[in-house]
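Worksheet: the structure to be examined is printed underneath.
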Amino acid sequence: MTAFSLSQSSFTLQNYSSFPLSRPFPHFQFPKSFRAAENLQFRIRYKFPKSIFPSESSSQLSDEDNEAETDADDDEYDVAAEEYEVVSGEFGEYGEQDEYDDDGVTEDSVGRESRIEELKWQRVERLRSEVREYGEEIIDVEELSSIFSFRIDKFQRLAIQAFLRGSSVVVSAPTSSGKTLVAESAAVATVARGKRLFYTTPLKALSNQKFREFRETFGDKNVGLLTGDSAVNKDAQVLIMTTEILRNMLYQSVGLASSESALSNVDVIVLDEVHYLSDISRGTVWEEIVIYCPKDVQLICLSATVANPNELAGWIGQIHRKTELVTSSKRPVPLTWHFSTKTELLPLLNEKGTGMNRMLSLKNTQLDSSGDNSDKNESSRRRKSRRYNNDLSSSSKNDMNSIRRSQVPQVIDTLWHLNARDMLPAVWFIFSRKGCDVAVQYLEECMLLNECEMTEVELALKRFRLQYPDAMRESAVKGLLRGVAAHHAGCLPLWKSFIEELFQRGLVKVVFATETLAAGINMPARTAVISSLSKRTESGRTLLSSNEMLQMAGRAGRRGIDERGHAVLVQTSYEGAEECCKVLFSGLEPLVSQFTASYGMVLNLLAGAKVTRRSPEPGDGDVSQSARTLEEARKLVEQSFGNYVGSNVMLTAKEELSRIQNEIQMLTSEITDESIDKKSRKLLSPSAYKEITDLQEELREEKRLRTELRKRMELERIFSLKPLLEDLGIEHLPFMCLQHTDSDGLQHLIPAVYLGKVDSLNTSKVNNVVHEHDSFALNKDFCLDETKSDHQIEPSYHVALSSDNSWYLFTEKWIKAVYRSGFPNVALAKGDALAREIMTLLLDKEETQWQKVAESEFGGLWSMEGSLETWSWSLNVPVLSSLSEDDQVVVFSETYQNTVELYKDQRNRVSRLKKKIARTEGFRDYKKIIDIAKFTQEKIGRLKARSRRLISRIEQIEPSGWKEFLQISNIIHEIRALDVNTHVIFPLGETAAAIRGENELWLAMVLRNKILLDLKPAQLAAVCGSLVSEGIKVRPWKNNSYIYEASTVVMNVITLLDEQKSSLLQLQEKHGLKILCCLDSQFSGMVEAWASGLTWKEIMLDCAMDEGDLARLLRRTIDLLAQVPKLPDIDPLLQSNAVKAASVMDRPPISELVG
13 MTAFSLSQSS FTLQNYSSFP LSRPFPHFQF PKSFRAAENL QFRIRYKFPK SIFPSESSSQ
73 LSDEDNEAET DADDDEYDVA AEEYEVVSGE FGEYGEQDEY DDDGVTEDSV GRESRIEELK
133 WQRVERLRSE VREYGEEIID VEELSSIFSF RIDKFQRLAI QAFLRGSSVV VSAPTSSGKT
193 LVAESAAVAT VARGKRLFYT TPLKALSNQK FREFRETFGD KNVGLLTGDS AVNKDAQVLI
253 MTTEILRNML YQSVGLASSE SALSNVDVIV LDEVHYLSDI SRGTVWEEIV IYCPKDVQLI
313 CLSATVANPN ELAGWIGQIH RKTELVTSSK RPVPLTWHFS TKTELLPLLN EKGTGMNRML
373 SLKNTQLDSS GDNSDKNESS RRRKSRRYNN DLSSSSKNDM NSIRRSQVPQ VIDTLWHLNA
433 RDMLPAVWFI FSRKGCDVAV QYLEECMLLN ECEMTEVELA LKRFRLQYPD AMRESAVKGL
493 LRGVAAHHAG CLPLWKSFIE ELFQRGLVKV VFATETLAAG INMPARTAVI SSLSKRTESG
553 RTLLSSNEML QMAGRAGRRG IDERGHAVLV QTSYEGAEEC CKVLFSGLEP LVSQFTASYG
613 MVLNLLAGAK VTRRSPEPGD GDVSQSARTL EEARKLVEQS FGNYVGSNVM LTAKEELSRI
673 QNEIQMLTSE ITDESIDKKS RKLLSPSAYK EITDLQEELR EEKRLRTELR KRMELERIFS
733 LKPLLEDLGI EHLPFMCLQH TDSDGLQHLI PAVYLGKVDS LNTSKVNNVV HEHDSFALNK
793 DFCLDETKSD HQIEPSYHVA LSSDNSWYLF TEKWIKAVYR SGFPNVALAK GDALAREIMT
853 LLLDKEETQW QKVAESEFGG LWSMEGSLET WSWSLNVPVL SSLSEDDQVV VFSETYQNTV
913 ELYKDQRNRV SRLKKKIART EGFRDYKKII DIAKFTQEKI GRLKARSRRL ISRIEQIEPS
973 GWKEFLQISN IIHEIRALDV NTHVIFPLGE TAAAIRGENE LWLAMVLRNK ILLDLKPAQL
1033 AAVCGSLVSE GIKVRPWKNN SYIYEASTVV MNVITLLDEQ KSSLLQLQEK HGLKILCCLD
1093 SQFSGMVEAW ASGLTWKEIM LDCAMDEGDL ARLLRRTIDL LAQVPKLPDI DPLLQSNAVK
1153 AASVMDRPPI SELVG
């Protein structure tokens, strides 16, 4: 076994035990009577699904490229005029207004359903027999609907009818409304006809789920699963696969009928979750499938509700075949929206559902949080509300964030309301893995299960531990026995499947999950809780879109079990009910094309004869029939969804933009100084004109002096603050107040604790940001000559942590007050670090995602969300009202005081001069000219805003696919992968065309490199792991953790490959192309350790990685290794080593069962 060394991670964090709990509940338990009643009711109504864990292991589904199961570190409001809308190829609407058909499922019928459900496969077999006997003509919507043990909905019936008419179908309906039933009906009809159906999904877990479900309906022999490294029954009539695999199959079938291609005997392709077309990293795949799909194959596209399903259907109808659109705006289980605060769970919307519940307005929250309950009647409340409005312009506005913070509920607060109102089970969305885990720990003493349910969980855990001992997540067992669990990408896939099964069996009452759970996985609940309206992304903290919110809320409401689903939004320090309603009513987002070219696309479309198989006769330039000219390829690329949308709206948008820009130019010319002077000269008498122009010139000069004095005043203020901050920061961390004014003119006061000057702190990340990024550059042109100051002053950047757990990066410009009190800069215990050192360490662990709050010529004000570790520090920052003015220690210099007086005098001089102008003879007429100019300026502002929106829209729909296609074709021609002129493909191009990956050319260059031939299987796996580790991270909260280092041989190979990577990046840059070339040795040692035979417990001992991340990295590595034996022109020795490495690595607990 290869020897490995351990490298200690530099990340250290405080223990979770320090996590502040404002409402502990060590002995909290819900009433037994409630639990027993709830359990009895659940058992009557719920049918336990078949276990997902078989007794025998079967083939696995590989980790597809850019799998959506990753976390960021971490439509009900838009009611259509018609419930359903069916649009044919011509998009003519059927004017049907029938009432929505509810299932009307009773508890008795559910029991009958469970009995009938067992015979579902027999119903399918009966239909197949009847078709063989009587012919295909007997297949109609009634026959297909009889397969199901309940009455199908109207939109499902309409979609099935469209399919039976031979049309392709686009189905757009809310999450959990039953879109899959349409695909299942099509599969029944297709199987009965003796044809084949391909079913594609975007996610590995979703493919596994569909594979299990379809086998229950059609039998094991009729359903297959196609993966990157293996195939399960690949010739089955119903074949499940991910979209990337189908795209790769279609590359060689472009322009051919299905009977002549890899789609032989395939009648139907189902594209599930087709709204992934808008996904930035993977959306191209869906568009390619539609473009390349043979026209004799029907497409069934299933989409969540989006704003432009008609454009999607129109596009498919134009480039593929006649397509009908079926939309539904209603859910089978109605959804009610709630809002949770610290003390209440209230309806989010008013009675009509048209706006926010007025009881949730900020002023009412303020009144309720004041603790004064004496105003019981409505008139008293109105009087108190008026008093609130009068005060709102002053201190109350500055305390809005404080009001919100006071109303933020703990997890137990919201859970108590859910349980009391019989709203469990619930899926609780938290946008970080650590947040999910902490929430489970927080509820470990809260019992949600009765004794019988706890016994069932214990038995399930014992069975799981026996079958998959390495997949046990011991830290989660205590929570499971209480009825709570976490579900996120940091967990092993086997463990997540286990949680899903327990949840479906009613043995888990609350699942804390990241948003990936909303993407098609079958875990419906009675309630969906969305813990925050914003989430952290690579570009900073961003608000959820309405589509994302509705996707998560769509998990609520179980068909046939719940009469109503519940979506609960939660008050946070950043968002309240107003922001929630704003997102909810903002309107659906449209599907936007993300079509981009790739090396694989270009090589597969342009490739002709292979140089290794060309005729030996000189001058033989024949190419294979699959070769396409650049013009033919262009016609394919320009069939993208973006080009279709662009052709319809681009011309109109550009015409309007041109009109707006012309109007802005004309209006701007009307408000220039020359234009105003010309109008004044024409309208005023000569004496009045001269008097006003002389006074205006004098006013401009006085304003210039006022501006200069303001600069001097600010600089003198900065000069006074600098020594004060240095002196106070020595012995303790003083409290301070920051201030800024937003774009609406609202002043914000921010209480914070001062950490220190950036240059004096031992924090490399913040130092690098401040000194290397142009956005933070300071204007150092304030010298003696300009400001008339007695000394030259330069602003500096400082750091503070606010009471709302946000870091602030600021210059002295933004400091309003500094106080004597603060955090003592001492160690809590002997040997511990000082307070400033601990906070600096926490700051350095943050991902530097600073967002600009305000800017000025004296430097900007930036903020960044704190972490869970800084939360306890921020809670100890006092509110401003508790800090006395007597405690302020700002002592300004005499020069500053004199400058302030001079500034006030100058400001008064400007004011007096304005009044003097107002008393002149021609001022009334002159004011009319100025007022018109101001109105014109406001109009210009509105036109510019409209212009920016149009430009943004045009940039979205501007096709870019062909430009990238040409750039890539130039690169592969120059690097000798393919001759663009003769279409001859060289060995490098052959290999790249057959690979699935982010950068196919880069992967081919590595795998064809002879230095890999000297590697042992485990070392080869380590190198392959370095090629697929994009997005895998070390978790900073893993204290004193380690990762294995790669062997010297592996590191030497990666070093040599890095030179090859640099040359490709330079070539890409030369042609204006940016495609990632992944090569990261950080986790190669972990892959090498696993491939060398280390056990899972050994490799995870004190590991700095989450189990799910490591499993994902290993699955990606196995997937790449499994491709190697199938790639053309690869050395047999390398292929043999790849097979050996993949075989060793593909073992529990990362080998994932599919049935």
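Just so we're aligned, residue 13 is where the sequence shown starts under our numbering, counting upward by one.
Quick reminder that beta carbons are idealized off the backbone N, C-alpha and C, glycines included.
Small disclaimer: the values here were computed from a predicted structure and weren't measured.
Helix or strand or just coil, what does DSSP make of residue i?
i: GLU1057; result: coil
i: TYR611; result: helix
i: THR1129; result: helix
i: PRO321; result: helix
i: ALA829; result: strand
i: GLU650; result: coil
i: GLY620; result: coil
i: TYR586; result: coil
i: VAL812; result: Checking the sequence, you will find Ala at residue 812 rather than Val. Three-state result, ALA812: strand.
i: MET459; result: strand
In angstroms with no decimal places, state the Cα-to-Cα distance between residue i and residue j.
i: ALA586; j: SER818; result: Residue 586 is actually Tyr in this sequence, not Ala. About 11 Å.
i: SER787; j: LEU914; result: 33 Å
i: PRO698; j: ASP937; result: 13 Å
i: PRO346; j: ARG1128; result: 40 Å
i: ALA1116; j: GLU1100; result: 16 Å
i: GLU714; j: GLU720; result: 10 Å
i: ARG958; j: ALA665; result: 11 Å
i: VAL580; j: LEU887; result: 25 Å
i: SER70; j: SER1163; result: For SER70, the pLDDT reaches just 36, beneath the cut-off of 50, and the residue's location in the model is therefore unreliable, although a value from the coordinates is still provided. Approximately 9 Å between the Cα atoms of the pair.
i: SER755; j: GLU644; result: 52 Å
i: ALA1134; j: LEU372; result: 56 Å
i: VAL153; j: ILE159; result: 10 Å
i: THR239; j: TRP862; result: 41 Å
i: SER290; j: ASP284; result: 14 Å
i: GLY1205; j: LEU455; result: Residue 1205 lies beyond the range of the chain shown here (13 to 1167); nothing can be said about it.
i: PRO763; j: SER414; result: 10 Å
i: ALA1030; j: MET1157; result: 9 Å
i: LYS916; j: GLY834; result: 34 Å
i: SER487; j: VAL282; result: 40 Å
i: HIS783; j: TYR611; result: 38 Å
i: GLU323; j: THR339; result: 13 Å
i: SER1053; j: ILE511; result: 27 Å
Here's the rule: buried if 16 or more other CB atoms are within 10 angstroms of the residue's CB, otherwise exposed. What is residue i?
i: VAL302; result: buried
i: ASN260; result: buried
i: ARG433; result: exposed
i: MET561; result: buried
i: TRP883; result: exposed
i: CYS458; result: buried
i: TYR820; result: buried
i: ALA1154; result: buried
i: ALA930; result: exposed
Does residue i get closer than 8 Å to chain C when you measure Cβ to Cβ?
i: LEU617; result: The chain labelled as chain C is not found in the depicted structure, where only one protein chain is given.
Open item on the list: Could you check whether the stretch 945-953 touches the stretch 638-658, counting it as contact only if at least three pairs of C-beta atoms, one from each stretch, sit closer than 8 Å?
Closed with: No: fewer than three Cβ pairs fall under 8 Å.
Task: Contiguous alpha helix (DSSP H) assignments of at least 4 residues, all confined to the stretch 705-791 - done: Counting whole runs of 4 or more residues, the stretch 705-791 contains the alpha helix (DSSP H) stretches 776-784.
TODO: Tell me the start and end of each unbroken alpha helix (DSSP H) in the stretch 862-917 that is at least 4 residues and wholly inside, in chain order.
DONE: List check, alpha helix (DSSP H) in window: 880-886.
Task: Cβ pair count under 8 Å reaching 3, the stretch 509-524 against the stretch 436-445 - done: Short answer: they touch.
- [ ] Jot down the residue ranges of each uninterrupted beta strand (DSSP E) in the stretch 221-265, minimum 3 residues, whole runs only, in chain order.
- [x] The stretch 221-265 contains these whole beta strand (DSSP E) runs: 235-238, 250-254.
- [ ] Jot down the residue ranges of each uninterrupted alpha helix (DSSP H) in the stretch 184-211, minimum 4 residues, whole runs only, in chain order.
- [x] Counting whole runs of 4 or more residues, the stretch 184-211 contains the alpha helix (DSSP H) stretches 192-204.
Task: Runs of beta strand (DSSP E) wholly within the stretch 422-461 (minimum 3 residues, chain order) - done: With a minimum length of 3 residues, the continuous beta strand (DSSP E) runs that stay inside the stretch 422-461 are 438-441.
- [ ] Spell out a yes or no on whether the stretch 1001-1010 and the stretch 1135-1142 are touching, meaning 3 or more CB-CB pairs, one atom from each, closer than 8 Å.
- [x] By the Cβ test, the stretch 1001-1010 is in contact with the stretch 1135-1142, since at least three Cβ pairs between them sit closer than 8 Å.
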